[in-house]
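Residues 30 to 1004 in my numbering are what the sequence shown lists, from first letter to last.
Reviewing the structure listed below.
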Amino acid sequence: MNALEWQLAALRSMAGSVEFVVGYGSDDVEAPLSVKLVVNRKWQSSGAAQSLFLCGLAPEHDLLISYADILYRPRVLSALTDAGDAIAIAVDSSHSAPRRKNREIVELDGHGGLRRFALAANADGSSAQEVDLVGLAWVPLALVPAIRALRERKPKSLQRGHLGALFEELRIAGIPMRLVDVAGDWTDLDDPGALARFLFGSKAQTLARLGTRVRLSRVAPQVSFRVRRWQHEPAAVVAEVMRTFPEQVLAVRSSAVGEDSFEASQAGKFRSCLNVASNPPALEEAVSSVIASYDDAPEHQVLVQPMVADVVASGVIFTRTLDQGAPYYVLNYSLDSRTDIVTGGGDETRIAYVHRGLERIPQEPAFIAPLLAATQEVEHLLDLDTLDLEFAISSDGVVHLLQVRPLAVQHDRSREDDTRLNAERDASLALYDELSRPVPPVLGQRSIYGVMPDWNPAEIIGIVPRPLAASLYRALVMDDAWSAQRREFGYRDLRGVPLMRLFAGHAYVDVRASFNSFVPAAVPDALAARLIEAALERLSARPEAHDKVEFEIVPTCLDFDFSRWNEALFHPAGFGADEIAVLRAAYADINANALRVEQQAWVAIRRYEAELDAAMPGGFPRLDALRGILARCRVEGVLPFAHLARCAFVAISLLRTAVTRGILTAERVEELLGSIRTVSHQLADDAGATASGAMSFDDFVRRCGHLRPGTYDITSQSYAEAPERYLRPLVDVPHVETADDGFAWTNTERAALASALPEIGLDIAPDALLDFMRHAITGREYAKFVFTRALWAVLESIAAYGARHGLSREELSFLDYGDIERVLLGVDAGPEALRRIAAANKARARIHASMILPPLIEARGDFYAFVAPQVRANFVGSGNVSAPLRVLDETGHSKQSLEGTVVLIQRADPGYEWLFSRRIAGLITAFGGANSHMAIRCAEFGLPAAIGIGTEHYQRLAKARQVELDCQKQQILAI
């Protein structure tokens, strides 16, 4: 009914009754009370002329005839009614009119006059001797009887004929006619998006057209004018503005031709001036400033409106996601009185996502319900669901539209894709419901799922990993090894409980299981259950700490500031002194276990490295040997790595809390971390040896060629595949001697540590603690370097199998490892079966990638709507750098030099070691924890870094050309 509504709006200035003739689907049509609904029951066997004859054709009024599927500007009606005593017939001479089936035309004579009305012989072509019939005509009162006479005569040509046939009968009868060319002022609504394309104009035009139609929002009155007018009569323009908006604070905004089109958006390209005083000098300065941001086109406009008063929120809402057109409202807003924070890219913004099919609107933010209602009204009026609306909310709750434009990103998304997404969401909800019920040995009545806690899959394999990467990560770590490590370390036994779950292809950690595994085994179940519930509640209240749970949400060891948990966790949960004492003693045992386990893990990983040296001197293992390789890697490689990683967490916890207690300073901790020699330093030393000739380049490649950006990603090139890209620059960079491990405690530090160590259950000397810290942090990186060698061999063996059978790495990446195993066992038919599975998984993955889910899932409603939590980055060191920003894609590619730049990347695992050879000035990642691989690496190299800034901040920052990264202030500024 949108077309009828807009037609009625165009007819508002004209007196008379309106009759609307309907045929197909007439039972579903609801017309306004002001419209008489006429039903053509014989619509299948008649045409538009017969529909017209069903109307009253009152003899006392002029007659306007219009097809119901066209729309026209009000000025078209003025042009038609000015045609005098003849029937005025709208035509289009542009030869760009929509190509209807059975296109009606007007044939012209040699002088451009009317020859006859006809159907086009060629539906796709146009002749200079013809114009298109629009389907709109004005019949003056004196000529209405001629139409009634045709109704009585019932000529055969009008049984199925449309308006062209009617006009031809009138022409033959000698009725005077005049053709009115309305090219550019009308549209046919048969094409999707035609209504919106017709209604969209400049910013000022679009707002003016919507302003008379919207009921659930408000469009401020405006004065708009073209640059040409300003150039010729600026004083008159100023006088008009002063007269229209006396003593009001004004917004003077750009309204350029083509500023916001379906093909491209130029948002932010042109200047706007806000809070302009309502006096001639201020207005002249603002208008001149806006015009100065244009090119020389005099057709550009300037839009002047009063500023919205008492703004409590403002922002931008997309009616579909910008990247894939998925069915979500994306609301970027600020709870501020300024209306330009979001569009200007300020950091004070929040982002909310609401699925388009959600019936129960969320309560937060408070203005979201009226905003969505106003947005949906605009969608209805424009018959378009790909919109970008700028808005402000005043203190009285009114939604003010500041701009409406189409999303300029073209998607190939279909409505079937939306249906598939909904099906995947429903399947995820069913899984969520099933997993929410606690099953022994898991304690806790509720669960939370997160992308970053514990083994943070978002950093390691990505938020929406491909099936092969996800299945290998599960097989090596998340199914069994993670829980085996915790049990051996002295925590609760969670064996048999998977840590990672996939919701619509999104990888999440089961936080309830994770928190269970951080409770020492010595803690009684009843107390453990209360601790777990309290920790889950704390995470729910502080979602920004989801990548720092071991330091800020739940205790994992007895550190130097364990008493902080009293106020943060224990007392709110009602723990008594005796219960806290039980917990202290249990976590003290964890500390003691860490010292023992660290030494055992070092022995195990060195043994596994020797095993790999012997088993894989060259080439890759056979595919049928992969199951055994993965099993050995899980037990002999991943498990020691997990132990050393847990020891490193203990070490970092002790260092952080030593600063809190005043035992150490932050500068001394930074110095200690910078002195630790890890694999990165060994890599640099090997590069130096290669440069000097002491090591061959081939040996250098053999030593570290298994590294790849995206450790589990078969499509990511390994260093061995692209040594000139990844390793040659390491050799070519002049070698600088890496830091030694000569750090030692000062006498004051040693004395303070000697006094504090017994408090945390460690009967060791301060120097033994230093050795533990060094070995834990070094061992973690070394063990990862070792076990990923086996993973590399597995991936390359799979790739070699694919190459033999015509399966690309891209196809293989969409296979679950279990799919490959079934082929090896003869369960499936072989490569062709794998190809079909890969194709199906790829199609599903496209839908998964378009689904928007929060970093933390706490309830069923989070699958429909959520406000993205504010993320607090993990800043490394105290350095400050201002430099150009370089954004790397998922493969680590950048078309520009990285030297002296701050690198921005989604996630960075051990395969990104090559970054440090590019002399970068700083590093920022979307994902990563306080004790993540890159946090440790950057601390070693003294590189300013912000690890884990979050998806939303990452997306905003990616648009910047230069940034200032200040780790001491813990601030990132886009310059």
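Built from N, CA and C at the ideal position, the CB exists for glycine as well.
Classification of residue i by the beta-carbon crowding that lies within 10 angstroms, buried from 16 upward
i: H600; result: exposed
i: A776; result: For the sequence presented, residue 776 should be read as Asn rather than Ala. With fewer than 16 other Cβ atoms within 10 Å, it is exposed.
i: V371; result: Confidence at V371 is low in this model, with a pLDDT of 48, below 50, so the placement of that residue is unreliable and no value is reported for it.
i: Q334; result: buried
i: P883; result: buried
i: G373; result: Bear in mind that the predicted position of G373 carries a pLDDT of just 45, short of 50, making it unreliable; the figure below should be weighed with that in mind. It is exposed - the Cβ of G373 has fewer than 16 other Cβ atoms within 10 Å.
i: T707; result: buried
i: T348; result: buried
i: I201; result: exposed
i: L106; result: buried
i: M43; result: exposed
i: R132; result: buried
i: L994; result: buried
i: V468; result: exposed
i: D728; result: exposed
i: E861; result: exposed
i: Q79; result: buried
i: N903; result: buried
i: D324; result: exposed
Proximity winner among the options, relative to residue i (alpha-carbon distances)
i: R144; options: A178, D111, L199 and A175; result: L199
i: A563; options: E573, D576, K577 and N545; result: N545
i: A621; options: L587, A654 and E638; result: L587
i: L458; options: Q991, T817, F892 and L952; result: F892
i: V427; options: A398, E445 and A452; result: A398
i: S784; options: F772, A773, G771 and L798; result: L798
i: A677; options: I705, V762 and S592; result: I705
i: E778; options: D161, E181, L693 and R244; result: L693
i: V331; options: P787, F254 and F274; result: F254
i: G230; options: A306, R102, N131 and N595; result: R102
i: A974; options: Q1000, R182, W167 and A989; result: Q1000
i: T807; options: I934, E608, V626 and S709; result: S709
i: D161; options: E640, L820, L170 and L137; result: L137
i: E393; options: F956, L917 and A897; result: A897
i: K185; options: G76, A551, V68 and L236; result: G76
i: L659; options: G525, A902, Y741 and S725; result: Y741
i: T980; options: N870, E445 and A381; result: A381
i: E197; options: G534, G890, G141 and V135; result: V135
i: R379; options: N361, R385, R389 and L952; result: N361
For residue j and residue i, believed in contact at Cβ under 8 Å, the rounded distance
i: V252; j: E269; result: 6 Å
i: R838; j: A829; result: That belief does not hold up - the Cβ atoms of R838 and A829 are roughly 11 Å apart, past 8 Å.
i: S879; j: L450; result: 6 Å
i: T415; j: P435; result: 6 Å
i: A536; j: P494; result: 6 Å
i: P327; j: V256; result: 5 Å
i: A342; j: L364; result: 5 Å
i: R936; j: E488; result: 5 Å
> Would you call the segment 612 to 632 and the segment 776 to 791 in contact, with 3 or more CB pairs under 8 Å?
Replying inline: yes
> Unbroken alpha helix (DSSP H) runs of length 4 or more, entirely within the segment 372 to 446: which are they?
Replying inline: 397 to 411
> Can you give, in chain order, each stretch of the beta strand (DSSP E) that sits fully within the segment 213 to 265 and has at least 3 residues?
Replying inline: 215 to 217 and 252 to 255
>> As an exercise, report each continuous alpha helix (DSSP H) stretch of at least 4 residues that is fully enclosed by the segment 793 to 839, in chain order.
In response: 795 to 833
> Which residue spans inside the segment 434 to 508 form an unbroken beta strand (DSSP E) run of at least 3?
Replying inline: none
>> With three or more beta-carbon pairs closer than 8 Å as the criterion, would you say the segment 632 to 643 touches the segment 812 to 820?
In response: yes
> With a cut-off of 8 Å, do at least 3 Cβ pairs link the segment 844 to 861 to the segment 749 to 758?
Replying inline: no
>> Within 8 Å, do at least three Cβ pairs link the segment 659 to 674 to the segment 553 to 572?
In response: no
> Pairing CB atoms from the segment 470 to 484 with CB atoms from the segment 906 to 920, are three or more of them under 8 Å?
Replying inline: no
>> Restricting to runs no shorter than 4 residues, where is the alpha helix (DSSP H) found entirely within the segment 59 to 121?
In response: 77 to 82 and 103 to 110
>> With three or more C-beta pairs closer than 8 Å as the rule, is the segment 39 to 59 touching the segment 90 to 101?
In response: yes
>> Can you confirm whether the segment 524 to 540 touches the segment 491 to 510 when touching is taken to mean that 3 or more C-beta pairs between the two stretches lie within less than 8 Å?
In response: yes
> Can we say the segment 114 to 123 touches the segment 210 to 225, given the rule of at least three CB pairs closer than 8 Å?
Replying inline: yes
> Considering only residues of the segment 291 to 370, which uninterrupted beta strand (DSSP E) runs meet the minimum length of 3 residues and lie entirely inside it, listed in chain order?
Replying inline: 302 to 305, 330 to 335, 340 to 347 and 357 to 363
>> Whether or not the segment 756 to 763 and the segment 717 to 731 are in contact is what I'm after, with contact meaning three or more pairs of Cβ atoms, one per stretch, closer than 8 Å; do they touch?
In response: yes
> Would the segment 272 to 286 and the segment 296 to 312 be scored as touching if the rule is three or more Cβ pairs under 8 Å?
Replying inline: yes
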